[in-house]
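All residue numbers for the sequence shown refer to the working numbering, where the first residue is 539 and numbers rise by one.
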Amino acid sequence: MINNKINKISALIVCYNEEKVIERCLKSIAKCVDEMIVIHDGHCKDNTLDIARQYTTKVYEMKKHKGIGESWYIEGFNKCKYNWILRIDADEYLSIGLQKNISGLMENKGFDGFSFYWPIWNGSQYLSTKALRKSFLFRKSKIGFIDKFHYPIKVLGKIYESNYIVEHKPLYNNWSKETFDKKQKVWAKLQAKDHLVPIKDREILNLTYNKLKKEQEFKTKLYNFPLLIFFITYVLYFKNILKNPILLFDRGFWLVAKHQAMYSYEVAKEVKRLLKK
């Protein structure tokens, strides 16, 4: 555990029946955070809670299954008592290097969040180790969030791009066509339905209502043009190549770009369908 009285870390895991992977995650953070909070999205049907209770007493089985992990983030943030929050999924875990050095990162007072490399795993091997980044560590007072499906946690300050890695090794190929058809298309329908929920009915943390409302209205207009959304998503990925030209030759990067463009297309198509009903 970290003994630094100024910077302490609360780890937050929101999960759903993750007995096969959650212990790997908990082991990786056990010695480098000061508290672990596990929120289970509804009734648990496997041994996830029993495993979690071996590492922390702060395990919460929620009465309602929402099917959207982001729905519990703000409640989770409120349960975190320390000034830094590590938001990590059950199928992710800290690399050895990050485990050893995470406390040192927070000594730099000029940053309010940290992103790490998030390797692309196809179920048996890495396709790329440096094509993607994801933010995991946040100063609690600088978190901005709204409980929308797949809405990223905003850092209301500066983010440091660390070279350390957060491993992501689900037990399946997250980037295959089979997974896309089985999982991502279902998620796209959930996200489309969730997108149309009025902002006034949302939980909001440190973000401006009017700005969020305008953002939602703008996206709703764009969603009337699914093909345009597809190409916009691709173009946004090209910005990463400008920062890191070597990605031009990274097959994992292009796989993810295609995957995200297809997913955005499915969301837009479903929003358009729902608006016509």
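Where is the CB? At the ideal position from N, CA and C, for every residue including glycine.
Remember, predicted model here, so these are calculated numbers, not experimental data.
Write down every uninterrupted run of the alpha helix (DSSP H) in the segment 573 to 629 whose length is 4 residues or greater and which is fully enclosed by it, in chain order. Within the segment 573 to 629, the complete alpha helix (DSSP H) runs of at least 4 residues are 586 to 591 and 611 to 617.
Rounded to a whole number of angstroms, what is the C-alpha to C-alpha distance between Leu-699 and Leu-643? Note on identity: in this sequence residue 699 is Glu, with Leu being the wrong assignment. Near 11 Å, if we compare the C-alpha coordinates of Leu-643 and Glu-699.
State the Cα-Cα distance for the pair Lys-619 and Leu-765, rounded to the nearest angstrom. 44 Å
Does the Cβ of Tyr-554 have 16 or more other Cβ atoms within 10 Å, making it buried, or fewer, making it exposed? buried
Where Lys-814 falls, given that 16 or more other Cβ within 10 Å makes a residue buried: Burial call: exposed.
When DSSP builds the beta bridges, which residues end up paired with Trp-659? Tyr-664
Exposure of His-578, with buried meaning 16 or more beta-carbon neighbours within 10 Å: buried
Pairs of beta-carbons, one from the segment 658 to 676 and one from the segment 725 to 734, closer than 8 Å: are there three or more? no
Rounded separation between Ile-697 and Phe-683 - CA only: C-alpha separation (whole angstroms): 16 Å.
Rank Gln-798, Lys-583 and Ile-544 by C-alpha distance to the C-alpha of Lys-558 and give the top, closest one. Lys-583
Counterpart residues of Ala-549 in DSSP-defined beta bridges: Met-574 and Leu-624
Pairwise C-alpha distance: Leu-709 and Ala-795: Straight-line Cα distance between these residues: approximately 22 Å.
Would you identify the three-state DSSP class for Glu-716, choosing helix, strand or coil? helix
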